[in-house]
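Below is one structure, written out as structure tokens, with a few remarks after it.
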Amino acid sequence: MNRIHLSKLSLALLAALPLAGQAAGVSDGVVKVGVLTDMTGAYSDLAGPGSVAAAQMAAEDFGGKVLGKPIVVISADHQNKPDVASNVARRWFDEEQVDVVADLVSSSTALAVMPVAAAKKRITLLSGPGSDPITGDRCTPYNVHYTYDTYSMAHGTGSAVVQQGGKSWFFITADYVFGRTLEEDTASVVRAAGGKVLGAVRAPFPTADFSSYLLQAQSSGAQIVGLANAGADTVNSIKQAHEFGLTPKQSLAGLLVFISDIHSLGLEAAQGLYLTTAFYWDRDDESRKWSQRFYARTKKMPTMVHAGVYSEVMHYLQAVKAAGTDDADAVMKKMRETPVNDFFAKNARIGPDGLLRHDMYLARVKAPKDSKKPWDYYQILKTIPPDQAFPPLSASKCPLVKK
Amino acid sequence: MTQALFGQLLVGLINGSFYALLSLGLAIIFGLLDVVNFAHGAQYMLGAYLAWMGLTWLGIGYWVALFAAPAAVGILGMAVERLLLRRLRGLDNLYGLLLTFGLALAVEGLFRQGFGISGNSYPVPAQLTGAKNLGFMVLPIYRAWVVVASLVVCFSSWLVIEKTRLGAYLRAGTENPRMLQAFGVNVPLMFTVTYGFGAALAAFAGVMAAPVYQVTPTMGSQVIIVVFAVVVIGGMGSILGAIVTGLGLGLLEGAAKFFWPEISGTVVFIAMALVLLLRPAGLFGRQR
Amino acid sequence: MTVRARAVLGYGLLVGIGLAAPFLVYPVFAMNVLCLALFASAFNLLLGYAGLLSFGHAAFLGAAAYAAGYVTREWGLPTEAGLLAGVAVGAGLGLGFGALAIRRSGIYFAMITLGFAQLVYFLAIEIPWTGGEDGFQGIPRGKLLGVLNLDRPLVMYYFVYAIFLAAFWLIQRTIASPFGHVLRAIRENEPRALSLGYEVSRYKLTAFVLSAALSGLAGALRAFVNQFAALPDLYWHTSGNVVLMTLLGGMGTVTGPSVGALLVGVLENYLAGLGSWVTVITGTVFVLCVLSFRRGIVGEVRALVKRSF
């Protein structure tokens, strides 16, 4: 049906435009980017409205047009419900000619939308979710996983912190698949790097009061307390660790922390925390320049998810331009061929499993006295190169990877 | 080993004092108005947010907020009772539950719209910062204050209800409001004030919780379900029952976190099932 | 109008709208609404006719979805077996929870069911095979009777629709049966029903298990429609939503819950851009319903019809 639609349209265009040969590349006279994200739920601060703003910035910076056709950014709230997400995506694909879905924060919504998009030959650009099956056994040929995955968080923080001298570890783990994966991955990296794991405690998810787990971490005497959790759990555990005097004697390592979490916690409670991030606004001139523009628009500094959304949408638009069409196969091919080179990533490539492998950064949260300006939160300790940060293709569970 | 257990139990007691405060408010409202106040969680959250707004926007400190926020939420509660809940009197008490459920949703949604989800951090008041090393554990001074203050509030509420004339009216109103009206007591006013007081208790717990937990729009809905289970276990017939059950379940949770952390999130519900099996009316309840 | 004529009219309307639906709106959306309508009708059997307010029906919907997904994806069983598994899990959970919860009544009942549902929610998070926050993905729709390919949207739609009608018919029959009359008698005056010699708790438990089993059917069906099972189905918001659907449409009416499900479904899907205003609207609608609209849409319409003739 789409095919018929396409040829009808291009016929119409042929008649109407002198330069129709080129314009026929865009299927329906518009390149539509749908930002499907969590506008108000648990992930709305790290993605949400900021992701929409980032996608709009990308469209504007590209000039608002590609191949002579307007770029339109639309958005919807999936409320963290996979059924809502896949319904919206279907409607977008069939009734609103959306070419590409961006962000898809929360892994359940991403995993629900990916097969829908692949069946309709539309592209998904994930920035918010991190779950490993996305580029593992549930991978699709039309998906790009852009910003981070659990592997990169675990491996980045695990190995880099041990190298910084944090040899003995204790984990406070959110007791569900995500938390347990983070803990197991990090523990194996810590051991491989010559560190020791003294113990772990599994806290039900979600938990508001971490005091008893913190007491167990305290009595373990470990140098580093790894927080294998996310979101509100991480924030509450950091806050209470400060209250119980865990820090600064022991150091915390957050295995999935966003700058929005640090902002809501405040530096007094968060200082000294180790974390891995794909992006920090104040890292170099390029990142600062882009982030200031983002700040002027949203009154918040971007999280790595926001930066990822801008960069992925930009990369997509450039690929459309280079391919001369918005046909998903051709665009995916171009996106894979061309390395990403911008303020977000340098010389990074998308693998056959859909994962963009790029530099990650080990950061440490500054003490209040070292923070000179608003949002001056991180000290970047180390750049983690892609081959250390991301899983090797040889170990991929994705059926698309030819071994 | 025993020392560590003792630490966990103490931490459990701290959580238990929040449960006690919240279930006390629920029990008082239920006792007189026959309404399960589903908005209790939202009122708890409101208390925490009012404290935060006071500090951030107006520079009002913790100690003022500890009284001002409950007062404000109490007045709001009285308005809710007067304007909304009153219209449901004489109907099945399920409607009261549904009305307050709707209110809770609306308030939570508004705060999510206004403040985002990550929430905001409220500092521990300067007088109560720091921690004391007890040998077997490090006890933050603020947490000790939480236990003491909650116990004082809980037991003075109990004393007022059991030993004063006002309390006697209240108890009489629970048994037979029409009779009390006949004696010339303004029962509708008493209903309003009681609901306001219950709401204020929730807000008080919220202000107490603000420095401990992240202040978020969803903090209330997370705690309210556990508190409901506490209330089922204790039975809502008695004020003292609500307090004792709250504290006891905090201790039970503490023990669970030590012996079997994986079930600590569900232990309250398991206890609820057991109590229903063995003593359907609840530990302190009367069958109604 | 007689009860029978009304039922026929209601049925006729439902059948007509249902047959045309996939051509008017998105099939997957229509299927989701049907599943919710079945869920709400099953819930209404309990609230509207037995007077029992359960705040834990999400447990039956969600657990059945996981069960249906598990037996088809992991064991390779056919779709029909998945549906049966869903019904069985719904009924089993319903029996367990019901046996305990009916020991108390009224609001205690509501709080107890809420607590048990939360227990199931926590378990679903912790059990490894549910995939935690990722959800249980990639559930195959399979082939009906080994022949009809359910991956085709219209085939799937009419399959869902047929099941909905059958379940709806069953619910309607139950309500009209002597069993249904006893339930209403219990709702109106429990001590009286007891003194008349009815084993009240057995009736309540039967109604509860039936309602849970049908909710399980709705959950299993939904798992095949969406091809995943996920945590939000188990969360207490879902339990609250089904109360809202029933209340809004009209509790104790045959078609009310379906009308409510349609409205709530539209609200959630088409107002998705409004973000948490949806929660605010939902809450406000709740309050308004309770204050001045207790009969719900269908109930009000019925009262209007009665008055004008």
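Line by line, the protein sequences are chains B, W and R.
Counting from 1 along the first sequence, just add 2 to a position and that's the residue number in our numbering.
So that you can map any letter, position 13 of the second sequence is 3 in our numbering, and since no number is skipped, the others follow by simple counting.
Counting from 1 along the third sequence, just add 2 to a position and that's the residue number in our numbering.
Yeah, the Cβ is synthetic: ideal placement off N, Cα and C, and Gly gets one too.
Bear in mind that the values here come from a model prediction, so they are computed numbers and not experimental data.
Glu76 of chain R counts as exposed, since fewer than 16 other C-beta atoms from the protein chains shown sit within 10 angstroms of its C-beta. Ranked by Cα distance from Ile65 of chain W, the first of W:Glu98, W:Gly37, W:Ala(-6) and W:Ala271 is W:Gly37. Interface residue (Cβ-Cβ distance to chain B less than 8 Å): Val35 of chain R is not classified as such. Taking 8 Å as the threshold, the shortest C-beta distance from Tyr123 of chain R to chain B does not fall below it. Interface criterion met: the Cβ of Gly109 of chain W is under 8 Å from a Cβ in chain B. Between Ala321 of chain B and Met303 of chain B, the gap from beta carbon to beta carbon reaches 8 Å or more. Counting only Cβ-Cβ distances below 9 Å, Phe172 of chain B has no contacts in chain W at all, with the closest Cβ about 13 Å away. Note that the segment 102 to 111 of chain W does not touch the segment 220 to 235 of chain W; fewer than 3 beta-carbon pairs, one per stretch, sit closer than 8 Å. Non-local beta-carbon contacts of Tyr85 of chain W in its own chain, meaning distances under 8 Å to residues more than five positions away in sequence, involve Leu78 in chain order.
Among the CB atoms of chain R, none fall inside 8 Å of the CB of Lys302 of chain B. At the C-beta level, Leu248 of chain B and Val367 of chain B stay beyond 8 Å of one another. Spanning the alpha carbons of Leu116 of chain R and Leu402 of chain B requires a straight line of approximately 44 Å.
In this chain, the beta strand (DSSP E) harbouring Ser253 of chain B covers Ser253 to Gly256. Secondary structure note for Lys375 of chain B: it is in no beta strand (DSSP E), with a DSSP letter that is neither H nor E. Spanning the alpha carbons of Thr209 of chain B and Phe248 of chain W requires a straight line of approximately 15 Å.
In the DSSP assignment, Thr90 of chain W falls within the alpha helix (DSSP H) that extends over Leu84 to Phe105. Of R:Ala61, R:Val122 and R:Tyr110, the smallest CA-CA separation from Gly255 of chain W is found for R:Val122.
Listed along chain B are Pro208 and Ala210, each with a C-beta nearer than 8 Å to that of Gln212 of chain W.
Of the other Cβ atoms in all chains shown, 16 or more fall within 10 Å of the Cβ of Gln273 of chain B; this residue is therefore buried. Under the three-state reduction of DSSP, Trp171 of chain B is assigned to strand. Membership of Val128 of chain W in the beta strand (DSSP E) is indicated by the continuous run Val128 to Pro130.
Cβ neighbours of Asn243 of chain R within its own chain (closer than 7 Å, five residues either side excluded): Val266.
Straight-line measurement puts the Cα of Gly50 of chain B at about 42 Å from the Cα of Leu(-5) of chain W. Per DSSP, reduced to three states, the secondary structure at Ile260 of chain W is helical.
It is roughly 7 Å from the alpha-carbon of Ile283 of chain R to the alpha-carbon of Ala96 of chain W.
DSSP places Lys34 of chain B within a strand segment (E or B) once states are collapsed to three. In the structure shown, the three-state DSSP call for Gln139 of chain R is strand. Judged by DSSP secondary structure, His80 of chain B falls outside any alpha helix (DSSP H); it is assigned neither H nor E. Contact check between the segment 353 to 368 of chain B and the segment 273 to 283 of chain B: three or more CB pairs, one atom from each, fall below 8 Å, which counts as touching. Note that the C-beta distance between Asn34 of chain R and Gly258 of chain R is not below 8 Å. DSSP places Pro208 of chain B outside both helix and strand once states are collapsed to three, so it counts as coil. Contacts between Met127 of chain W and chain B, judged by CB atoms closer than 9 Å, involve Leu217, Gln220, Ser221 and Phe246 in chain order. In this structure, the beta-carbon distance from Ala214 of chain R to Phe62 of chain R falls below 8 Å. In terms of beta-carbon proximity, Tyr28 of chain R lines the interface with chain B, with at least one pair separated by less than 8 Å. Residue burial is scored here from C-beta neighbours: Arg133 of chain W has at least 16 other C-beta atoms within 10 angstroms and is therefore classed as buried. Judged by their CB atoms, Phe126 of chain W and Gly(-3) of chain W are nearer to each other than the 8 Å cut-off.
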